[in-house]
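S.K.:
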Amino acid sequence: MRELDIERWNRKEQFHFFKQFDDPYFAVTIDFDVTTAFNHAKKEEISFFVLYLHACMRAINSVENFKYRIHDDKVIVHDIIHASATILRADNTFGCSFINFSDDLDEFNENYQDEKRRILSTTNLFPEQESDDCIYCSTMSWFNFTGHKEPLLGIKKESVPKLAFGKYVEKNSKLMMPVAIAVNHALVDGYHVGQFVEAYQNALNNF
258 MRELDIERWN
268 RKEQFHFFKQ
278 FDDPYFAVTI
288 DFDVTTAFNH
298 AKKEEISFFV
308 LYLHACMRAI
318 NSVENFKYRI
328 HDDKVIVHDI
338 IHASATILRA
348 DNTFGCSFIN
358 FSDDLDEFNE
368 NYQDEKRRIL
378 STTNLFPEQE
388 SDDCIYCSTM
398 SWFNFTGHKE
408 PLLGIKKESV
418 PKLAFGKYVE
428 KNSKLMMPVA
438 IAVNHALVDG
448 YHVGQFVEAY
458 QNALNNF
């Protein structure tokens with residue numbers, strides 16, 4: 258973890274402007290082609306969710322601006338971003354996980370399984386480990402969507418990116434899955450979201 262030198266940052270003006278907003282987040286919803294990833298998950302008998310979440314985290318960690326967080330009036334750059342994903346219980350409530358990221362899919366899957374076991378054995382909403390070196394993400398696999406709005410707690414200078422994954426549907430012989438991406442505009446521009454989108458689709462295509 259390191260502190261960004263804001264005065265020498267080429268986005269200094271954008272940062273100071275957007276961090277004043279009550280709600281500085283902007284959001285987009287993108288359809289991703291998950292055909293290759295889905296078929297690979299089936300073939301290898303691994304959770305499709307784990308597979309596409311791992312691909313997502315690889316993409317997140319490849320874009321530096323997605324590692325930026327606001328601490329007071331400083332911008333902190335985390336070394337690694339982890340996944341705080343919602344995991345559903347049998348009674349249809351959910352708990353929030355903290356899945357440590359690893360480039361290695363098997364290790365990431367083990368970390369996910371550990372968190373799943375913890376959540377299924379408790380009624381706790383939040384994990385013991387709470388920090389902002391993560392993304393918040395949820396899966397709404399019951400329906401396909403073209404737009405999405407994340408709830409905001411209203412905490413000033415909230416800066417964790419928020420993602421939501423929807424139900425995949427077949428379009429033109431491809432499986433397409435909507436992903437809503439919400440980011441703090443003080444830290445992230447459309448250009449950086451574009452970098453993530455390209456990296457995520459590449460990761461989904463290469464298994």
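Here the sequence shown stands for residues 258 to 464, numbered as in my numbering. Ideal placement from N, C-alpha and C gives every residue a C-beta, glycine not left out.
Do you know whose CA, among 263, 266, 391, 434, lies nearest residue 337's CA?
M.R.: Walking along the sequence shown from the start, residue 337 turns up at place 80. It is 391.
S.K.: Does the distance from the C-beta atom of residue 437 to that of residue 421 stay below 8 Å?
M.R.: Here residue 437 is taken as the residue at index 180 of the sequence shown, counted from 1. Here residue 421 is taken as the residue at index 164 of the sequence shown, counted from 1. Taking 8 Å as the Cβ cut-off, residue 437 and residue 421 qualify as a contacting pair.
S.K.: One question on the structure: do residue 424 and residue 290 come within less than 8 Å of each other, judged by their Cβ atoms?
M.R.: Position 167 of the sequence shown, counted from the start, is the residue given in the question as residue 424. Position 33 of the sequence shown, counted from the start, is the residue given in the question as residue 290. Cβ atoms of residue 424 and residue 290: not closer than 8 Å.
S.K.: Please give the ranges of any beta strand (DSSP E) in the region 404-452, keeping only runs that are unbroken, at least 3 residues long and fully inside the region.
M.R.: 419-423, 426-428, 431-441
S.K.: Residue 340 by DSSP, collapsed to three states: which one?
M.R.: For the purposes of this step, residue 340 is taken as residue 83 along the sequence shown, with counting starting at 1. Of the three classes helix, strand and coil, the one that applies to residue 340 here is strand, per DSSP.
S.K.: Can you tell me the Cα-Cα spacing of residue 409 and residue 321, whole angstroms?
M.R.: On the sequence shown, position 152 is the one that residue 409 refers to. On the sequence shown, position 64 is the one that residue 321 refers to. Computed Cα separation, rounded: 23 Å.
S.K.: Inspect the CB distances between the region 290-300 and the region 446-456 and report whether three or more fall short of 8 Å.
M.R.: At 8 Å Cβ cutoff, the stretches do not touch.
S.K.: I think residue 298 touches residue 314, with their Cβ atoms under 8 Å apart; what is that distance to the nearest whole Å?
M.R.: For the purposes of this step, residue 298 is taken as the residue at position 41 of the sequence shown. For the purposes of this step, residue 314 is taken as the residue at position 57 of the sequence shown. Going by Cβ atoms, the distance from residue 298 to residue 314 rounds to 16 Å, so no, they are not a contact pair.
S.K.: Check whether the region 399-407 touches the region 365-373, counting contact only when three or more Cβ pairs, one atom from each stretch, lie closer than 8 Å.
M.R.: no
S.K.: Is it buried or exposed, residue 331, if we count other Cβ atoms within 10 angstroms and call 16 or more buried?
M.R.: Sequence index remark: in the sequence shown, residue 331 carries index 74 (1-based). Exposed.
S.K.: In terms of DSSP beta bridges, what is residue 334 paired with?
M.R.: To locate residue 334, count along the sequence shown from 1; it is residue 77. Answer is 259, 325.
S.K.: Please confirm whether residue 275 and residue 263 have their CB atoms less than 8 Å apart.
M.R.: Residue numbering aside, residue 275 sits at position 18 when the sequence shown is read from its first letter. Residue numbering aside, residue 263 sits at position 6 when the sequence shown is read from its first letter. No, they are not a contact pair.
S.K.: Can you tell me whether residue 259 is buried or exposed? The criterion is at least 16 other CB atoms within 10 Å of its CB, across all chains shown.
M.R.: Within the sequence shown, the letter at position 2 stands for residue 259. Exposed.
S.K.: On a CA-only basis, which of 442, 458, 310 is nearest residue 359? Give me that one, please.
M.R.: For this step, residue 359 is matched to residue 102 along the sequence shown. Minimum Cα distance to residue 359 is reached at 310.
S.K.: Among the residues of its own chain, which have a CB less than 6 Å from the CB of residue 440, if the five just before and after it don't count?
M.R.: Walking along the sequence shown from the start, residue 440 turns up at place 183. Cβ within range, chain order: 418.
S.K.: State the Cα-Cα distance for the pair residue 393 and residue 380, rounded to the nearest angstrom.
M.R.: Position 136 of the sequence shown holds residue 393. Position 123 of the sequence shown holds residue 380. So the two alpha carbons sit approximately 19 Å from each other.
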